[in-house]
Amino acid sequence: MATPHIGAEPGDFAPDVLMPGDPRRAKLIAETFFDSPRLVTEVRGILGYTGTFNGKPVSVLASGMGMPSMAIYSTELARFFDVKRIVRVGTIGGIAPFLGLGDVIAASAAHTNSAMTAEWVPGVTLSHAPDFAMLRKVVEHGEATGKTIHVGPLFTTDSFYNPDTSLVPGLLKYGTIGIDMEAAGLYAVARKEGFDALMVGTVSDLPGSEMTAAEREATFENMVSFGLAAFQ
């Protein structure tokens, strides 16, 4: 049955789901990678498609922006549509000096300043981490194809425009390589709802430089290929 945010029926979603933020990116992924994609939901303009990839069922659903939106859609996928694995595919602000624009990152952990999970276990700061088997598969995909993927912690923030100039040096001191707005929320909900999750993203901006919209579109396929590898 449909949920408040997803207008699909039981069986409409595959057990494996890619989740970009942008609904148009969800449509583009389905049309580029899936065989016989079909639209299964479009409530509030959030598009979801199901098709096959390499003969296996797979779906894509936009998540919107930020931890709260990611938490809503990933929770409903797990609770009501029996989704077992989710890969967030999106953009990341790179902060590590070895990164370049267009590089792909798999998030081995996600720190956050969000209070979303602060009360889940009173007195405990929860660690937000991906499924190791999925992380290993994307690394193996990079080794098999000769494509580079960087693995390291991200910082997930609720604030896109953060005026704190001391934030990046502090994060770098503790090994953080990038900043996003969804990974910690996805990893937290995965533990709570019992599904496996991974964040894979393209470095879209660095201190002092950023990709154009056209450049983002030209580089998304490499990132998505890593995301799909996590399901193999």
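Take 5 as the starting number for the sequence shown in my numbering and just add one per residue.
Virtual Cβ for every residue (Gly too), placed ideally from N, Cα, C.
Here the structure is a predicted model, which means the values were calculated and not measured.
- Listed in chain order, the alpha helix (DSSP H) runs fully inside the region 7 to 42 are 27 to 37, counting runs of at least 4 residues.
- Every unbroken stretch of the alpha helix (DSSP H) spanning 4 or more residues and falling wholly within the region 44 to 124 is given here in chain order: 71 to 85.
- Thr160 is bridged by DSSP to Thr116, Asp184.
- For Thr129, the secondary structure class from DSSP, reduced to helix, strand or coil, is coil.
- Non-local C-beta neighbours of Glu13 in its own chain, meaning closer than 6 Å and more than five positions away in sequence, are absent.
- Here Val228 is near Ile33, since their CB atoms are less than 8 Å apart.
- CA-to-CA, the gap between Arg42 and Ala30 works out to about 12 Å.
- 8 Å or more divides the Cβ of Ser112 from the Cβ of Pro126.
- In the DSSP annotation of this structure, the continuous segment of the alpha helix (DSSP H) that includes Met227 starts and ends at 217 to 233.
- Taking C-beta separations shorter than 7 Å and ignoring five residues to either side along the sequence, the partners of Gln236 in its chain run Lys141, following chain order.
- With a cut-off of 8 Å on Cβ pairs, the region 148 to 168 is in contact with the region 112 to 124, counting three or more such pairs.
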